[in-house]
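So for the sequence shown, this note's numbering puts the first residue at 36; every next one is plus one. Below: one structure, written as structure tokens.
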Amino acid sequence: MPTLSSSSTTAEVQAAFDDSASYAEDGDLAKCRTFITACLILLRRTAKRVAHGRMRSEVETSPEVLRELLAEARKWLAARSGGRVIHPDLRDLRC
36 MPTLSSSSTT AEVQAAFDDS ASYAEDGDLA KCRTFITACL ILLRRTAKRV
86 AHGRMRSEVE TSPEVLRELL AEARKWLAAR SGGRVIHPDL RDLRC
């Protein structure tokens, strides 16, 4: 997966979003992180509604859908990476 940054084009971010959307099916933490980054960039870059010309061709993207996908990805990642409490085995400890 390529690293996304502010210099990534919108087409590159959209491609990374699509390519990493299968993170859950693949069980891939790195894909999930890429998906989260792509969601964050798309949320910032995406206009809700764009209209062109006299024919009024419109494209609408829902930031709410991106936010929902982002929340799901963060929850999935948190459940599978760290966040676990490890208790040490103190049975043989003598004071």
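In this text, a Cβ means the ideal position worked out from N, Cα and C, and glycines have one as well.
ALA106, buried or exposed, once every other Cβ within 10 Å from all chains shown has been counted against 16: On the sequence shown, position 71 is the one that residue 106 refers to. By the neighbour-count rule (16 or more Cβ atoms within 10 Å), ALA106 is not buried but exposed.
Cβ separation of LEU75 and PHE52, assumed to be a contact under 8 Å, to the nearest whole Å: If you number the sequence shown from 1, residue 75 lands on position 40. If you number the sequence shown from 1, residue 52 lands on position 17. At roughly 10 Å, the Cβ-Cβ gap does not stay under 8 Å, so LEU75 and PHE52 are not in contact.
Which of helix, strand or coil DSSP assigns to LEU112: Residue numbering aside, residue 112 sits at position 77 when the sequence shown is read from its first letter. Note: LEU112 maps to helix in three-state DSSP.
SER55 (DSSP reduced to helix, strand or coil): In the sequence shown, counting from the first residue as 1, residue 55 sits at position 20. Three-state result, SER55: helix.
Residue environment, THR38, which counts as buried when at least 16 other CB atoms sit within 10 Å: Position 3 of the sequence shown, counted from the start, is the residue given in the question as residue 38. So THR38 ends up on the exposed side.
Secondary structure of VAL120, DSSP reduced to three states: In the sequence shown, counting from the first residue as 1, residue 120 sits at position 85. Reliability fails at VAL120, whose pLDDT of 49 lies under 50, so the model's placement of it is uncertain and no value is given.
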